[in-house]
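In the UniProt record's numbering, the protein residues as written are 1 to 247.
These notes concern the structure reproduced below.
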């Protein structure tokens, strides 16, 4: 399968991007044709198997932000990740009502039907939704704003941030809130009974990841120390060992 470096190298073969709507679509169309000829056609058997069934082991709750694609960041192949992307990569608390719960529905399908073994909440630096929540951006604070209502999921994280980082700069508060919101989403995952049950018996593990667009590093939430540690081969080894010990 072609990886992210191959996709980057093929950009020169696509239609140039001059900022117009037409050229933006042309770029995507050319990109699809490059994918079909360079990835799909040479791997027909692989995609034929995927057409019949998906068996991802990992679900990712990612942000809608165009700069943070979970599949690209993890070098994943088609079929590796079951994904939900929403504003600020938030997980709402479990609510048994008749409202339309898109993220919750995806969680239920991934856990109870696909039997994923891991759920990753993937946040990132410079999240627009988080900034709107912290600064009270008037553009999203209107009473009927979908964004303002959605971001209330992370209001507890906002209040924690204003205590933890009360003497810090706005930029440092934003970095803190981005991480605190991930922790809130991890806690909300456990409000779903079929997630909590599987985490308790070791069938499912939940993870908080945080990608820094500035330095290209990924950080992983460590509950024992309540910190985000740099993702490294050593950290991966310790996480695997810990999960095996819990089984």
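Backbone N, C-alpha and C fix where the C-beta goes; we use that ideal spot for every residue, glycine too.
Q: For residue 54, count neighbouring C-beta atoms within 10 Å of its own C-beta (all shown protein chains included) and say buried if the count is 16 or more, exposed if not.
A: Residue 54 is exposed by the Cβ-count criterion.
Q. Got a sec? Which residues, its chain only, sit under 7 Å from residue 158 by beta carbon, not counting five neighbours each side?
A. 133, 134, 177
**Q.** Integer Cβ distance of residue 228 from residue 220, believed to fall under 8 Å
**A.** Residue 228 to residue 220, Cβ: 6 Å. Contact.
Q. Can you tell me whether residue 194 is buried or exposed, with buried defined as 16 or more other CB within 10 angstroms of its CB?
A. Residue 194 comes out exposed.
Q) Are there 16 or more other CB atoms within 10 angstroms of the CB of residue 124, so buried, or fewer, so exposed? A) buried
Q.
Count Cβ pairs between the stretch 27-35 and the stretch 54-65 that sit closer than 8 Å; are there 3 or more?
A. no
**Q.** Cα-Cα separation, residue 189 to residue 121
**A.** 10 Å
Q. Is it buried or exposed for residue 89, if we count other Cβ within 10 angstroms and need 16 for buried?
A. Answer is buried; the Cβ neighbour count reaches 16.
Q) So what does DSSP say about residue 87, is it helix, strand or coil? A) Residue 87: helix per DSSP, three-state reduction.
Q | Straight-line Cα distance separating residue 67 from residue 103 | A | 21 Å
Q: Would you check if the distance between the CB atom of residue 217 and the CB atom of residue 230 is smaller than 9 Å?
A: Contact flag set, yes.
Q: Provide the residue span of the beta strand (DSSP E) that contains residue 116, from first to last.
A: Neither: residue 116 is in no beta strand (DSSP E) and is coded neither H nor E.
Q | Close Cβ partners of residue 119 (< 6 Å) along its chain, the five nearest in sequence each way excluded | A | 59, 206
(Q) Within 8 Å, do at least three Cβ pairs link the stretch 82-101 to the stretch 149-157? (A) The way I'd put it, the stretch 149-157 does touch the stretch 82-101; three or more beta-carbon pairs between them come closer than 8 Å.
Q. Do residue 185 and residue 61 come within 9 Å of each other at the CB atom, strictly closer than that value?
A. yes
**Q.** Best match in 174, 208, 173 for proximity to residue 187 [C-alpha to C-alpha]
**A.** 208
Q) Where residue 210 and residue 175 are concerned, what is the direct C-alpha to C-alpha distance, given to the nearest angstrom? A) 10 Å
Q: Work out the CA separation of residue 145 and residue 75 for me, nearest whole Å.
A: 35 Å
Q.
Quick check on residue 100: buried or exposed, where buried means 16 or more other Cβ atoms within 10 Å of its Cβ?
A. exposed
Q. Of the residues 70, 117, 213, 44, which one's Cα is nearest the Cα of residue 200?
A. Its Cα nearest to that of residue 200, the residue 117 stands out among 70, 117, 213, 44.
Q | Helix, strand or coil at residue 192 according to DSSP, with G and I counted as helix | A | coil
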